[in-house]
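The next block holds one structure in the form of structure tokens; read it before the comments.
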Amino acid sequence: MLSIKITLFLVSGVSSFIIFYMGIVNFLTSVEETTGLIMLIFSIFVATGTLLATVNISRNITQPIEKLTQDMKQFSATNKASKRTPLKTNVSEIFQLNEDFKIMEQRVEKTIELTNDYVEKLKEMDRKKIEFSSMVSHELKTPLVPILGYVQMLQKKNFLGELNEKQSDAVNEIHAATIRLQRLVGDILTTQKLDLGKLDFNKEETNVLELLNSVIKEFQPIAEEKKVILEMNFNEDICIFTDKDRISQVFSNLIKNSIDFVPKSRGIITIGAKDCGDFVEFLVRDNGSGMSIENQKDIFKKFYQIDTSTSRKRSGSGLGLAICKGIVEGLGGKIWVESKVNEQTTFYFTIPKKPIDSSAKNELNNKISN
Ligand SMILES: Nc1ncnc2c1ncn2[C@@H]1O[C@H](COP(=O)(O)OP(=O)(O)OP(=O)(O)O)[C@@H](O)[C@H]1O
Ligand SMILES: [Mg+2]
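Anchor point for the sequence shown: position 9 equals 9 in the UniProt record's numbering, and the numbering is continuous, going up by one each time.
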């Protein structure tokens with residue numbers, strides 16, 4: 001693309017040359033020597049004048065436009081009104097353009113400042129809100145300890161005396177509701193810690209097979225009670241450096257969901273793992289109701305529950321998968337779901353084998369997504 005400056009000098013250079021050339025031709029071919037000379041001197045004046053006018057136009061138009069373009073580029077890169085040298089020009093339109101640009105620059109800078117202030121205030125309000133609800137959740141958690149303690153004492157015949165059948169049923173109801181409440185408060189606290197980036201991870205050398213065996217052992221009684229087959233698909237000797245309790249929590253949330261969604265007496269839940277080099281890919285698969293592609297997009301959001309007759313019948317707050325995502329990502333991995341309605345659902349999550357810094361984390365995440 002040609003610049004105005006080059007075009008200007010090309011046009012005026014060629015015109016000056018033609019005028020000068022015509023002056024010489026006139027001088028050489030003219031019958032009267034004086035007329036030829038006058039024409040030559042005249043053509044030299046006109047050619048020189050054209051060149052001087054070009055230099056003048058360049059100084060007053062093209063140079064200021066170039067400077068203005070430079071200032072605009074700088075402003076769009078920094079969003080800061082530049083402390084620039086004043087623009088020199090005698091052309092009123094360019095002068096006005098520069099003045100308008102200065103006003104626009106100041107307005108944009110002010111708007112950006114206001115937006116940044118607003119965002120900071122919103123962040124601060126959000127932080128205070130999380131801290132407040134965290135305090136409330138803690139306050140709720142404290143009285144639950146003696147409530148649960150006394151309910152458990154009431155359930156044992158030899159502690160506070162024997163209860164009749166109705167009383168015993170009522171105490172069992174209180175016990176179940178207290179456990180649910182305790183779990184909900186625990187989930188809210190974990191989510192808040194994840195939001196504030198304050199969830200601690202205690203990483204240690206963990207044998208994957210032992211980890212999966214302990215998950216099976218924990219859930220086998222519940223699976224048997226619900227007549228669901230819980231099986232494991234892994235038999236390798238791999239160690240990872242991670243927080244095994246938090247990974248068990250992820251498995252626990254995923255398996256609890258699967259138990260709720262598999263068909264009665266025909267349910268099969270498989271847990272497994274795969275060695276993928278730098279990371280291990282875990283899975284929890286079930287032959288349950290599955291979920292549509294549309295719903296798969298939102299299930300990791302806090303408090304999201306798919307509105308089906310099954311989920312309305314279930315208890316739960318919609319925090320389980322958000323917690324899974326927070327834990328997995330906090331440990332440097334990724335979590336995702338693949339599901340087909342009325343066929344099956346598989347949740348996958350990856351965990352790096354070794355502790356990683358943030359740059360290695362990005363590299364690993366790229367590998368995982370490929
Ligand atoms: N294995 C699954 N099969 C079908 N739908 C599922 C499965 N797992 C999760 N979902 C859907 O995703 C939603 C969100 O799950 P999530 O575990 O976050 O919440 P929840 O189980 O409803 O409550 P919470 O886990 O907090 O007790 C569920 O309500 C359910 O609709
Ligand atoms: Mg759940």
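We put the CB at the ideal spot given by N, CA and C, even for glycine. All figures in this text were calculated on a predicted structure; none of them were measured in a lab.
When DSSP states are grouped into helix, strand and coil, T142 belongs to the helix group.
In chain order, the residues that have a beta carbon nearer than 5 Å to some heavy atom of ligand 1 are N257, S258, F261, G288, M291, I299, Q305, I306, S311, G316, S317, G318, L319, G320, L321 and T345.
Less than 9 Å separates the beta-carbon of I179 from that of L148. In terms of Cβ geometry, R285 and F201 do not form a close pair [threshold 9 Å]. Linking T62 to K83 through their CA atoms gives a straight-line distance of about 21 Å.
Taking the Cβ atoms as the reference, I238 lies roughly 15 Å from V215, outside the contact range of under 8 Å. Checking the 8 Å criterion, the Cβ of N253 is within range of a heavy atom belonging to ligand 2. F75 and E66 have their alpha carbons spaced roughly 14 Å apart. Boundaries of the alpha helix (DSSP H) harbouring S12: I4 to T29, taken from the DSSP string. Under the DSSP assignment, S339 falls outside any alpha helix (DSSP H), being part of the beta strand (DSSP E) whose first and last residues are I335 to K340. Selection G290, I351, E329 and R314 evaluated against V341 yields G290 as nearest (Cα-Cα).
For H138, the closest alpha carbon among the candidates Q305, G333 and D187 is that of D187.
Only residues of its own chain outside the window of five on either side were considered, and among them D278, F279, G332, G333 and L364 have a CB closer than 7 Å to the CB of P352, listed in chain order.
In the pairwise beta carbon analysis, the stretch 188-195 is classified as touching the stretch 316-324: at least three pairs are separated by under 8 Å.
In this structure F261 is buried. Its beta-carbon is surrounded by 16 or more other beta-carbon atoms within 10 angstroms.
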